[in-house]
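Here is the structure we will look at.
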């Protein structure tokens, strides 16, 4: 009877872990989908005369307001220590505001394709930091998934939109440096968020951090948006790409290891390309389909390996 009881309890624990993982994967996928709309929505805003850094400021400022409002309504808008406030300031200025600036400079100096590849070196950075900070074990499956996702992002980014040729990439030094910095800064989001979600809600964490991100980006703002289309685009970016996207991202990180979450987020360029096809009839080339298959394959490897780990626990 005792053995049967233990098996029953073990089954409940295993089932709970599996459900938690599934919810985590779903949240990260939702975050990737929300972030994939950032490029098209930003394109609409910039067509109305806004600069990329002005779009970044309004994204942080409006998103900050939504997060703080939610935290206030749920009575979680409070700091546990002034040390945490300093950490939020550092995260907002370095991981968020500086990321936006480096990303835009990488695009200007190296192009969008090269920037996407360098930005999504983040899973490799996250794997290193997770090993050092959290002691996360890197399995053969995880390493294979990182490699496949990086190769997939490269294929998608350099595939072009015509059913044909692979464009000849150019690697200017400034574009490479800013792109690598963007990838490194992007990876710190996973480590910081994972650490502080133990003590703060997603809304409080990003609400406070985006206050400082907004202040850091404020000097780049020279005027208010002048059209209804610009405001509509910015509100969409704030609500969907920032508030909903970062909420889903935080909820996913509560349930998954940072390295797995980083690999799953490489679905973003695949979804972004699908959105571009839907809005502007931009199409994948053959190389793009190969890249999409590699990224999806990497995600499937993580899901299957996670289920095996749960079953063996």
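Numbering (the working numbering), first residue to last: 8 to 320.
All residues carry an ideal CB built from backbone N, CA and C; glycine is no exception.
Query, Result
"Beta carbon of residue 95 nearer than 7 angstroms to that of residue 221", "no"
"Same chain, Cβ closer than 6 angstroms to residue 93, neighbours up to 5 away in sequence not counted", "none"
"Residue 61 (DSSP reduced to helix, strand or coil)", "helix"
"Residue 304 vs residue 155 beta-carbon contact at 7 angstroms", "yes"
"Residue 259 versus 201, 181, 231, 246, residue with shortest Cα-Cα distance", "201"
"Contact set for residue 223: own chain, Cβ-Cβ below 6 angstroms, skip 5 residues either direction", "100, 104"
"Exposure of residue 245, with buried meaning 16 or more beta-carbon neighbours within 10 Å", "buried"
"Residue 59: CB within 6 angstroms of a non-hydrogen atom of the ligand SAM", "Within the structure as shown, the ligand SAM is missing, as the structure has no ligands at all."
"Test item: CB-CB of residue 113 and residue 189 under 7 angstroms", "yes"
"Range of the contiguous alpha helix (DSSP H) that encloses residue 135", "129-140"
"Residue 268 vs residue 194 beta-carbon contact at 7 angstroms", "no"
"Buried/exposed call for residue 138, threshold 16 Cβ in 10 Å", "exposed"
"Whether residue 38 touches residue 211 by CB criterion (7 angstroms)", "no"
"Own chain partners of residue 274 with C-beta closer than 7 angstroms, once the 5 adjacent residues on each side are dropped", "36, 39, 302, 306"
"For residue 145 and residue 208, the rounded distance between their alpha carbons", "28 angstroms"
"Euclidean distance between Cα positions of residue 319 and residue 134", "Residue placement at residue 319 is flagged as unreliable, the pLDDT there being 49, under the threshold of 50; a coordinate-derived value is accordingly withheld."
"Cβ-based neighbour list, residue 151, same chain, cut-off 7 angstroms, excluding 5 preceding and 5 following", "308"
"Coarse secondary structure for residue 55, derived from DSSP in three states", "coil"
"Among 204, 46, 149, the one whose alpha carbon lies nearest that of residue 241", "46"
"Nonlocal neighbours in the same chain, by C-beta distance under 7 angstroms from residue 44, ignoring five residues either side", "247, 248, 282"
"Cβ-based neighbour list, residue 204, same chain, cut-off 7 angstroms, excluding 5 preceding and 5 following", "212, 257, 260, 261"
"Reference residue 198, options 239, 132, 251, closest by Cα", "132"
"Spatial distance of residue 233 from residue 50 (CA atoms)", "16 angstroms"
"Residue from 228, 70, 82 with nearest C-alpha to residue 61", "228"
"Residue range of the unbroken alpha helix (DSSP H) whose run includes residue 199", "180-203"
"Beta-carbon spacing of residue 192, residue 106 below 7 angstroms", "yes"
"Rounded Cβ spacing between residue 32 and residue 271 (contact assumed at less than 8 angstroms)", "7 angstroms"
"Cα-Cα separation between residue 126 and residue 58, rounded to whole angstroms", "21 angstroms"
"Beta-carbon separation (whole angstroms), residue 263 vs residue 41, contact threshold 8 angstroms", "Wrong, their Cβ atoms sit about 17 angstroms apart, outside the cutoff."
"DSSP three-state assignment for residue 211, whether helix, strand or coil", "helix"
"Pair within 7 angstroms by beta-carbon distance, residue 237 and residue 52", "yes"
"Assigned exposure category for residue 321 - 16 Cβ within 10 Å defines buried", "Residue coverage of the chain in this structure runs from 8 to 320, which leaves residue 321 outside it and unanswerable."
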